[in-house]
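Everything below concerns the one structure shown next.
Structure representation (structure tokens):
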């Protein structure tokens, strides 16, 4: 949409701590439950719930069981934020 | 999110034909069914389905029964596009 991408992901387990210095990031839970761990707090999200992680805020997505989510963020944003490792998805792939 | 708004709306009946010359518009169905009528075609959306209306494309949202939707578009976009009438929602209200 415009210069934004809507991404669908199945997540399971713990993702790494990261942040996006230039953009907010919208998480919407389609199915299951997840937690967005922040430094000092955590946001629990159930089906149909959403949360927007403000830019620059470190966060770690966690799903105890498989969880289906929709992510919305500008094109070209790496899923691992400022960190490039084996969890970094290619920008042309569906993550 | 950034300079975008996420709007929640309960829609019922036929909305007016309109378009947004400057932006795409994302429709996501949370509950129920709706139809996005375009000139010459129509997109049927059920729960969990989404459609992005490209900028400049005339469209008319229709819901036979009450339907709960999430809309994502840049801040400051009028729900009725280029038309200002009694269906135009104030930008500070939840539509």
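Protein chains in written order, with the working numbering: chain L, 1 to 95; chain Y, 101 to 195. Think of the CB as a built atom: it goes at the ideal place given N, C-alpha and C, for glycine as much as any other residue. Just so you know, these numbers come straight off a predicted model, no measurement behind them.
Query	Result
Go through the region 131-175 of chain Y residue by residue and report every complete run of the beta strand (DSSP E) that reaches 3 residues or more, in order.	134-138, 141-145, 150-153 and 159-174
Would you kindly work out how many angstroms separate the C-alpha atoms of residue 106 of chain Y and residue 156 of chain Y, rounded to a whole number?	20 Å
If we ignore side chains and look at the alpha-carbon of each, how far apart do residue 112 of chain Y and residue 164 of chain Y end up?	6 Å
Should residue 76 of chain L go down as buried or exposed, given a rule of 16 or more other Cβ atoms within 10 Å for buried?	exposed
Using a threshold of 8 Å, state whether the C-beta atoms of residue 10 of chain L and residue 68 of chain L are closer than that.	yes
Measuring alpha carbon to alpha carbon, tell me which residue in Y/129, Y/153 and Y/166 is nearest residue 139 of chain Y.	Y/153
Taking residue 126 of chain Y as the query, report the chain L residues whose CB atoms sit under 9 Å from its CB, ordered along the chain.	1, 4, 6 and 72
With residue 108 of chain Y as the anchor, note down where its beta strand (DSSP E) starts and where it stops.	104-114
Please confirm if residue 56 of chain L has its CB atom under 8 Å from at least one CB of chain Y.	no
Cα separation between residue 171 of chain Y and residue 130 of chain Y?	10 Å
Hey, out of Y/150, Y/123 and Y/145, whose CA is closest to residue 8 of chain L's CA?	Y/150
Please name the residue, chosen from Y/180, Y/141 and Y/146, that lies closest to residue 132 of chain Y on a Cα-to-Cα basis.	Y/146
Can you name the residues of chain Y whose CB is closer than 7 Å to the CB of residue 48 of chain L?	130
How long is the line joining the alpha carbons of residue 22 of chain L and residue 126 of chain Y, rounded to whole angstroms?	22 Å
Taking its Cβ as the centre, do 16 or more other Cβ atoms sit within 10 Å of residue 44 of chain L, making it buried, or is it exposed?	exposed
Using a Cβ-Cβ cutoff of less than 7 Å, which residues in the same chain neighbour residue 34 of chain L once the five nearest sequence positions on both sides are dropped?	11, 45, 61, 62, 63, 67 and 69
I need the straight-line Cα distance from residue 4 of chain L to residue 81 of chain L, nearest angstrom please.	16 Å
Report the rounded CA-to-CA distance for residue 101 of chain Y versus residue 141 of chain Y, giving the unit in angstroms.	31 Å
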